Structure formats: structure tokens, C-alpha cells
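Reviewing the structure listed below.
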Amino acid sequence: MAGVWHNIVSTYFFVCTWMSVSMAVIMYNKWLLAYYGFPYPLALTMWHMTFCSTVAFCLVRVFRVVKPVNMSMTDYRRRVLPIGLLYAASLWLSNSAYLHLSVSFIQMTKALMPGLVYMIGCFMRTEQYSRKVTLNMAVIAVGVGIAAYGEVNFVVIGVVQQLSSLLFEATRLMLVQVLINSQGMSMNPIQSLYYVSPACLLGLTGPFLYFEFPEIMARTVWNINPWVLVGNAVIAFGLNLAVFLLIGKTSALTMNIAGVIKDWLLIWMSANVFAAPVSTLNLAGYFLAFMAVVFYNNHKLQQMKKAVKEVKSAKSEDDKVDIETSKDQNT
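Letter by letter, the sequence shown follows residues 2 to 332 in the working numbering.
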């Protein structure tokens with residue numbers, strides 16, 4: 002009985018830790034970019050990647066807390082570099098959207114992610130086309146469309162940036178599956194930061210030099226506390242550790258369920274902390290999309306259970322054959 006309670010308490014602890022750190026990063030980034038006087042999403046993202054690369058290097062190479070992955074330079078260029086470049090584009094555009102859109106509306110648009118992953122998966126032939134799933138994704142899109150129609154502070158450039166960010170992120174997730182997981186390679190978050198962060202930093206350098214560097218150099222008055230940026234980077238790095246602990250101690254499914262609760266909390270926090278208006282049409286549209294996402298997650302869960310059951314059934318049949326073979330040999 003004590004073991005059961007320990008598992009329950011530890012699960013709730015890791016879930017609450019991940020949710021808290023994730024929400025802190027999102028709210029912190031919004032405040033820093035839109036309110037604090039640091040409207041440089043590329044510079045902020047590069048700072049995050051520099052900090053994460055440095056800490057990951059120390060953990061892997063200096064303190065040897067985590068072992069490196071056996072990877073050649075050719076594999077790095079072919080497998081990791083494309084993922085890092087897509088990650089750079091996704092982070093750049095998502096942070097840019099904070100300059101124009103509310104946190105609540107940005108969270109609502111993230112309901113489109115399963116549909117984008119499914120669409121790209123069908124194109125890359127990692128997902129099988131299904132009329133039922135396609136209809137489900139259409140409902141999600143309609144729900145997000147209603148939420149967008151009801152958005153009070155609708156800014157076209159912000160919406161384009163956010164949707165582009167989701168598209169790049171969905172493509173990145175598919176490439177991780179195709180280039181990393183399907184090849185038998187697996188990396189925990191520290192290893193991922195160690196390999197992906199430098200590639201991401203490389204992808205951000207060109208846009209930063211072109212878009213933000215001249216403006217930063219021309220700025221003469223700075224009222225920025227360096228510790229604010231350090232704290233932001235520490236929390237961003239902590240989010241990766243929280244993800245590692247949550248998935249390692251529970252499961253990815255637990256994180257997905259917690260993510261749904263987190264989105265609703267962020268909508269509430271955005272409305273109260275930043276006084277971002279949330280209309281009834283906003284909530285109605287997002288609720289429709291939310292229900293469709295829940296239905297889709299349940300569909301994927303049933304597929305996973307069916308696959309596990311089939312594997313166990315096949316293994317049971319193999320064991321029976323082995324037993325019968327052993328009996329025949331003994332007789």
C-alpha cells in the first residue's frame with residue numbers, strides 16, 4: 002500500500018513540476034519580449050541555445066553525468082543538422098508571435114499540432130491515411146478557426162508566425178521519427194540539447210545578423226538586468242529536465258494529458274496576468290478543438306493498446322510452439 006501511495010505522490014509531483022516550469026517559461030518569455038523592453042526573439046532564442054549548449058557540454062564532456070551518443074560527423078550532418086535548423090525556425094517564429102498575440106490565443110492555435118503532424122506524416126508515409134482521423138482533424142481546424150474569428154487582438158503577422166512555427170515543429174517531430182528513432186538512435190533531453198542546440202544556434206545566426214543585430218547595435222539606452230536573462234535561460238533549461246523526469250518516471254501519455262490541463266491554465270493566467278481579453282467565441286471554438294483533440298488522443302491510445310495486445314498474443318503463440326517443440330523432442 003505504501004508503494005502505491007509513493008507512486009501516486011511521485012507522479013503528481015513530476016506532473017506539477019513540469020506544468021509549473023512549462024507555464025513559467027511561456028509567461029516569462031511573453032513578459033520579457035512584450036513588456037520588459039527586450040523585443041528581440043532571435044536574440045532571446047540564441048541566448049537560450051547558447052546557455053543550453055554550454056550546460057549540456059559540461060554535463061556530457063566535463064562532469065560526464067550523461068554519456069554521448071556514438072555518432073559520426075556524417076550522421077550529424079544528415080540526421081541532427083536538419084532537425085536543429087527546423088527547431089531554430091520553430092523557436093524563432095513562436096517567440097516572435099509573443100510580440101503580437103496573447104498567450105491564450107497562442108495556446109489555442111497549438112490544438113492544430115496533431116493535425117499538422119498527421120498531415121506531414123501522411124506525406125512522408127509515416128502515418129496511414131484514415132478518413133476518420135482526417136475528419137477529426139477537420140473538426141480541430143474548424144474549432145481553431147472559430148477561436149481565431151472571435152479573437153479580439155487578431156494580428157495577421159502574429160498568426161502567420163505562429164502557424165509557421167507549428168508547421169516547422171510538426172516537420173521537426175516527423176524528422177526526429179524518420180532520422181533518429183527509426184534508425185535505432187535514442188537521446189534523452191540532455192543528449193538532445195548537446196547535439197541539437199549547436200545546430201539550432203547555427204541556424205539562428207544568419208537571421209539574427211540580418212534582422213536584429215543592426216537594431217541592437219543602434220540602441221543606446223538599455224534598462225535590462227542581466228540576471229533577468231540568466232533566470233529566463235535557467236528556467237528554459239529546467240523545462241528540458243522536467244520533461245525528462247516526467248516521461249522517465251511516468252509516460253508520454255501522462256504528459257499529453259497534463260498538457261491539456263496546462264493549456265487551460267495558461268488561458269486563464271493570460272487573461273488575468275496580462276489582461277488579455279478572451280471572448281466567448283474564443284472559448285467556444287477552443288472547446289470544440291479541445292474535444293476533438295481528446296477524441297484523437299483516445300483513438301491513438303486505443304491503437305497503442307491494440308498493438309501491445311497483438312505483440313503479447315504473438316509472443317504467447319511463439320511460447321506455445323516452443324513448448325510443443327520441446328515436448329516432441331523429449332518424447
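Even glycine gets a Cβ: it sits at the ideal position worked out from N, Cα and C. Just so you know, these numbers come straight off a predicted model, no measurement behind them.
Spatially closest choice to Gly38 from Leu113, Gln108, Leu205 and Asn224, by CA coordinates: Asn224
Inter-residue Cα distance where the pair is Ile141 and Met270: 23 Å
Status (buried if at least 16 other CB within 10 Å, exposed otherwise) for Gln303: exposed
Neighbourhood of Asn257 by C-beta, 7 Å cutoff - its chain only, sequence neighbours within 5 removed: Asn298
Three-state secondary structure (DSSP) of Leu341: Residue 341 falls outside the range modelled here, since the chain spans only 2 to 332, and no answer is possible.
Opening and closing residue of the alpha helix (DSSP H) in which Ala112 lies: Where Ala112 is concerned, there is no enclosing alpha helix (DSSP H), given that its DSSP letter is neither H nor E.
Reduced DSSP secondary structure (H/G/I, E/B, other) of Lys133: helix
Beta-carbon spacing of Asn273, Ala148 below 8 Å: no
Cα-Cα separation between Phe155 and Gly239, rounded to whole angstroms: 32 Å
Reference Asn30; option with closest CA among Leu164, Phe124, Cys17 and Val229: Val229
Exposed unless 16 or more other CB atoms sit within 10 angstroms - verdict on Glu216: exposed
Whole-number beta carbon distance between Met175 and Thr127, since they are thought to touch under 8 Å: 6 Å
Close beta carbons around Gly41, own chain, < 7 Å, minus the five adjacent residues each side: Reading off the sequence, residue 41 comes out as Tyr, not Gly. Glu213 and Ile217.
Cut-off 8 Å between Cβ atoms - residues of its own chain near Met114, not counting five sequence neighbours on either side: Leu167, Glu170 and Ala171
Gly1 in three-state terms, based on DSSP: Here the chain covers residues 2 to 332 and nothing more, so residue 1 does not appear.
Leu164, enclosing alpha helix (DSSP H) - first and last residue: Val157 to Leu176
Every unbroken alpha helix (DSSP H) within the segment 10 to 51, with a cutoff of 4 residues, ordered by chain: none
Bounding residues of the alpha helix (DSSP H) (the contiguous stretch that carries Gly85): Leu82 to Ala98
Distance CB(Trp93)-CB(Leu205) smaller than 8 Å: yes
Rounded C-alpha distance that separates Leu194 from Met50: 8 Å
Buried versus exposed call for Ile262 [16 or more other C-beta atoms within 10 Å across all chains shown]: exposed
Nonlocal neighbours in the same chain, by C-beta distance under 8 Å from Phe58, ignoring five residues either side: Tyr195
Closest Cα partner of Tyr287 within the set Ile107, Leu164, Gln163 and Lys316: Ile107
is_contact[Phe52, chain B] using C-beta, thresh 8 Å: Absent from the structure is chain B; it holds one protein chain and no more.
Range of the contiguous alpha helix (DSSP H) that encloses Met218: Phe214 to Ala219
Minimum C-alpha distance to Ala44 - residue among Phe15, Asn241 and Pro208: Pro208
Buried versus exposed, by CB contacts within 10 Å (16 or more), Tyr99: buried
Within 8 Å, strictly: CB atoms of Leu267 and Met24: yes
Coarse secondary structure for Asn78, derived from DSSP in three states: Asn is not the amino acid found at residue 78; the sequence shown has Arg there. In this structure, Arg78 counts as helix in the three-state DSSP scheme.
Chain-order list of residues whose beta-carbon lies under 8 Å from that of Cys123 (same chain, five-residue window excluded): Gln129 and Tyr130
Short Cβ contact (8 Å threshold) for Ala234 with Trp48: yes
Three-pair Cβ contact test at 8 Å for the segment 83 to 92 versus the segment 172 to 191: yes
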